[in-house]
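Below is one structure, written out as structure tokens, with a few remarks after it.
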Amino acid sequence: MEEELEFYGKTKAKVALSVLDRLREVEDGYYVVVTGITPTPLGEGKSTTTIGLGQALGHLNKKNFANIRQPSQGPTFGIKGGAAGGGYSQVIPMEEFNLHLTGDIHAISAAHNLVAAQIDTRCFHEATQNDTQLFNRLCPEDKKTAKRTFSPIMLRRLRKLGIAKEDPDELTTEEKGKFVRLDADPQKILWNRVLDTSDRFLRNITIGQGPEEKGMTRQTGFDISVASEIMAILALTTSLKDMRERLGRMVVAMSKGGEAITCEDYGVAGATAVLMKDTIKPNLMQTLEGTPVFVHAGPFANIAHGNSSIVADKLALKLVGKEGFVVTEAGFGADIGGEKFFNIKCRYSGLKPNVSVIVCTVRALKMHGGGPTVTPGIPIPKEYLEENVDLVEKGTSNLVVHIKNTLAFGVNVVVAINRFSSDTDKEIEIIQKKAKEAGAFDAILATHWADGGLGAVDLAKAVIRACEDHRQTNKQFKFLYDTNELSIKQKIEVISQKMYGADGVSYSELAEQKIAAFTSWGFDKLPICMAKTHLSLRYVGGCVAQLTGVAMIPT
Numbered sequence: 001m002e003e004e005l006e007f008y009g010k011t012k013a014k015v016a017l018s019v020l021d022r023l024r025e026v027e028d029g030y031y032v033v034v035t036g037i038t039p040t041p042l043g044e045g046k047s048t049t050t051i052g053l054g055q056a057l058g059h060l061n062k063k064n065f066a067n068i069r070q071p072s073q074g075p076t077f078g079i080k081g082g083a084a085g086g087g088y089s090q091v092i093p094m095e096e097f098n099l100h101l102t103g104d105i106h107a108i109s110a111a112h113n114l115v116a117a118q119i120d121t122r123c124f125h126e127a128t129q130n131d132t133q134l135f136n137r138l139c140p141e142d143k144k145t146a147k148r149t150f151s152p153i154m155l156r157r158l159r160k161l162g163i164a165k166e167d168p169d170e171l172t173t174e175e176k177g178k179f180v181r182l183d184a185d186p187q188k189i190l191w192n193r194v195l196d197t198s199d200r201f202l203r204n205i206t207i208g209q210g211p212e213e214k215g216m217t218r219q220t221g222f223d224i225s226v227a228s229e230i231m232a233i234l235a236l237t238t239s240l241k242d243m244r245e246r247l248g249r250m251v252v253a254m255s256k257g258g259e260a261i262t263c264e265d266y267g268v269a270g271a272t273a274v275l276m277k278d279t280i281k282p283n284l285m286q287t288l289e290g291t292p293v294f295v296h297a298g299p300f301a302n303i304a305h306g307n308s309s310i311v312a313d314k315l316a317l318k319l320v321g322k323e324g325f326v327v328t329e330a331g332f333g334a335d336i337g338g339e340k341f342f343n344i345k346c347r348y349s350g351l352k353p354n355v356s357v358i359v360c361t362v363r364a365l366k367m368h369g370g371g372p373t374v375t376p377g378i379p380i381p382k383e384y385l386e387e388n389v390d391l392v393e394k395g396t397s398n399l400v401v402h403i404k405n406t407l408a409f410g411v412n413v414v415v416a417i418n419r420f421s422s423d424t425d426k427e428i429e430i431i432q433k434k435a436k437e438a439g440a441f442d443a444i445l446a447t448h449w450a451d452g453g454l455g456a457v458d459l460a461k462a463v464i465r466a467c468e469d470h471r472q473t474n475k476q477f478k479f480l481y482d483t484n485e486l487s488i489k490q491k492i493e494v495i496s497q498k499m500y501g502a503d504g505v506s507y508s509e510l511a512e513q514k515i516a517a518f519t520s521w522g523f524d525k526l527p528i529c530m531a532k533t534h535l536s537l538r539y540v541g542g543c544v545a546q547l548t549g550v551a552m553i554p555t
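For the sequence shown, full-length UniProt numbering gives the first residue as 1, with consecutive numbering after it.
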């Protein structure tokens with residue numbers, strides 16, 4: 001409906017979450033996640049396949065949405081480039097998609113840096129004022145009534161401290177001291193500043209060098225905006241209220257006594273939520289063939305959970321209806337973005353996927369089979385341009401592990417072979433053979449980069465069959481672990497052993513300390529989000545490498 005759209009120019013719009021209320025009685029469509037094998041640095045075409053598959057479903061007269069992440073300007077202006085897809089399977093206009101879009105990332109930057117400014121400002125005031133001065137600043141007398149009152153934010157702070165008083169004048173001297181002092185350790189502030197540009201000279205900086213800062217210098221740095229925890233929150237949130245609560249729970253520093261200090265403690269959670277209020281609405285665009293696309297949120301998969309937003313998927317599933325299809329993308333390989341899609345995103349959304357499409361290329365399989373390293377900016381070695389079935393067959397061990405890992409979640413698996421012009425029929429055939437032997441529902445060659453939706457029609461037909469089979473056979477989606485029954489260490493070990501093939505997990509002293517702290521703060525009932533390389537599964541000496549003695553260091 002027109003009132004549910006907020007247009008940003010002629011090619012993009014935001015969609016109001018009120019659509020969910022209007023369509024709450026509509027059954028969800030089929031839910032498909034696109035992931036991949038362990039990629040080369042050049043990528044294997046997950047975004048292109050997501051878009052091509054969506055276009056192909058349109059050719060088969062199936063209602064569908066393709067849901068992908070918003071890219072950062074950092075990689076866009078680097079060697080990797082944008083994330084709008086490629087060839088005849090891409091979102092248009094690509095320059096609108098890859099750059100500002102509707103300003104969500106700029107809002108995240110503003111909200112994140114507001115928190116950073118508040119942290120350093122609070123440290124400054126606590127260092128330069130006594131308790132009485134701080135209390136008078138935080139809770140001044142009303143000029144007309146000469147009375148002090150606590151704001152709702154302050155009352156939350158008091159409840160956390162165990163102080164059950166609502167009249168500021170009733171606080172004892174000791175209680176006032178606890179109330180006004182967060183006592184953050186300057187060496188344990190966990191919150192850098194951000195900007196959406198890859199500017200290496202801002203990675204490590206010194207702040208507080210101005211004469212008005214009274215010598216309170218500190219080493220800090222800038223991260224890229226999409227690495228902000230606020231971006232991860234945007235992707236996981238289910239409502240504006242939920243987002244406000246999540247923003248308040250962000251741990252941004254530690255006190256000198258070892259306690260976690262949150263955004264709520266700094267009294268800035270409400271302000272960040274106001275800055276973020278419009279970002280919660282998914283961005284609507286379209287492909288070259290007119291397939292609708294939600295472009296919403298863009299957390300990295302190597303540090304965060306690497307998936308587009310829950311609200312975009314929920315909206316799309318209602319809009320397509322019971323017989324429609326929503327194709328969403330997970331970052332990196334199935335062992336990282338895929339695992340986090342199942343164990344984190346689906347856990348919070350309550351959505352149950354039917355099919356996982358695993359994208360692979362002959363190029364990547366040759367690399368995993370022992371071929372030369374693929375390096376961005378350097379011409380592709382000749383081994384990747386000539387037929388070598390043996391190299392491909394050896395590399396399929398990587399594909400096989402990803403298939404078996406994904407099947408553990410109770411979904412059907414369809415392998416999409418993203419074809420390049422140098423690939424041969426024999427190389428394709430060995431991939432299809434090995435994929436089916438590993439348990440894939442089907443393995444389909446796709447040429448959507450060159451041919452658009454028509455090049456992925458066979459893939460779309462296989463996905464439709466796999467979805468219908470999943471629903472008809474009543475297969476049950478399942479998580480890898482129970483968040484409440486297992487400890488932090490046990491959950492880390494389950495993921496490491498079942499997803500990465502580790503023999504076991506060893507912990508550094510720092511990791512042990514952090515796990516103990518997280519447990520004491522009540523974080524031990526949360527799902528685990530691994531911050532890790534995307535290269536856990538690598539081809540070494542004739543088989544996929546099995547990790548031994550992995551040290552997982554929470555950061």
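Ideal Cβ placement from N, Cα and C applies to all residues, glycine included.
Closer than 7 angstroms: residue i CB and nearest the ligand GDP heavy atom
i, result
"D423", "With respect to small molecules bound, the structure shown includes none, and the ligand GDP cannot be examined in it."
Per-residue DSSP class, three states only, for residue i
i, result
"C346", "helix"
"P554", "Because P554 carries a pLDDT of 40, less than 50, the predicted location of this residue cannot be relied on, and no value is offered for it."
"L288", "coil"
"I48", "The displayed chain sequence assigns Thr, not Ile, to residue 48. In this structure, T48 counts as helix in the three-state DSSP scheme."
"A142", "According to the sequence provided, residue 142 is Asp. The question's Ala does not apply to it. Of the three classes helix, strand and coil, the one that applies to D142 here is coil, per DSSP."
"P93", "coil"
"C543", "Model confidence at C543 stands at a pLDDT of 43, short of 50, so the residue's coordinates are unreliable and nothing is read from them."
"E329", "strand"
"T406", "helix"
"G36", "strand"
"L20", "helix"
"A56", "helix"
"V505", "strand"
"Y384", "helix"
"I378", "coil"
"I336", "helix"
"I153", "helix"
Whole-number beta carbon distance between residue j and residue i, since they are thought to touch under 8 angstroms
i, j, result
"H112", "S18", "The pair is not a contact, with the Cβ atoms about 28 angstroms apart (cut-off 8 angstroms)."
"L155", "F179", "Actually they do not touch by this definition, with Cβ atoms about 11 angstroms apart."
"K256", "D185", "5 angstroms"
"L526", "T473", "Going by Cβ atoms, the distance from L526 to T473 rounds to 32 angstroms, so no, they are not a contact pair."
"T50", "V327", "5 angstroms"
"V355", "C467", "5 angstroms"
"I403", "L445", "Actually they do not touch by this definition, with Cβ atoms about 17 angstroms apart."
"E387", "E429", "In fact, because the Cβ distance is near 12 angstroms, the residues do not count as touching under 8 angstroms."
"L284", "A13", "5 angstroms"
"V33", "P299", "V33 to P299, Cβ: 15 angstroms. No contact."
"V494", "D423", "That pair is no contact at about 37 angstroms."
"L365", "D313", "Contact doesn't hold; Cβ gap of about 30 angstroms is too wide."
"T76", "Y8", "19 angstroms between Cβ atoms; not a contact."
Beta-bridge partners of residue i, as assigned by DSSP
i, result
"A184", "S255"
"E6", "K14"
"L195", "I224"
"N412", "V355"
"A517", "None; A517 has no bridge partner."
"R218", "I207"
"V293", "A66 and M285"
"N307", "A330"
"N130", "None; N130 has no bridge partner."
"N418", "A446"
"residue 562", "Since the first residue of the chain shown is 1 and the last is 555, residue 562 is not available in this structure."
Any chain C beta carbon closer than 8 angstroms to residue i
i, result
"L275", "Absence of chain C from the displayed structure is noted, only one protein chain being present."
Minimum length 4: unbroken alpha helix (DSSP H) runs contained in the region 225-283: 229-236, 240-249 and 269-275
Inter-stretch contact (C-beta, 8 angstroms, three-pair minimum) for the region 33-46 and the region 330-337: yes
Entirely enclosed alpha helix (DSSP H) segments - the region 428-494, minimum 4 residues: 448-451 and 457-472
Any 3 or more C-beta pairs closer than 8 angstroms across the region 475-482 and the region 503-517: Cβ pair count under 8 angstroms is below three, so no.
Three-pair Cβ contact test at 8 angstroms for the region 235-253 versus the region 407-418: Result no; under three Cβ-Cβ pairs closer than 8 angstroms.
Meets three-Cβ-pair contact criterion under 8 angstroms: the region 315-325 and the region 371-388: With fewer than three CB-CB distances shorter than 8 angstroms, the region 315-325 does not count as touching the region 371-388.
Validate contact between the region 254-268 and the region 288-296 using beta carbons, cut 8 angstroms, 3 pairs: no
Sequence ranges, alpha helix (DSSP H) only - wholly within the region 79-128, length at least 4: 94-98 and 104-128
Segment contact, 8 angstroms Cβ cut-off, at least three pairs: the region 63-73 with the region 387-405: no
Inter-stretch contact at 8 angstroms, needing at least 3 Cβ pairs: the region 53-66 / the region 452-460: yes
The region 430-440 in contact with the region 484-496 per 3-pair CB rule at 8 angstroms: No: the two stretches stay apart, fewer than three of their Cβ pairs being nearer than 8 angstroms.
Segment contact flag, the region 90-101 with the region 358-365, C-beta cutoff 8 angstroms, min 3 pairs: no
contact_flag[the region 113-123, the region 265-272] where n(CB pairs < 8 angstroms) is 3 or more: Flag = yes, the region 113-123 and the region 265-272 touch.
The region 234-241 contacting the region 305-314, beta-carbon criterion three pairs below 8 angstroms: yes
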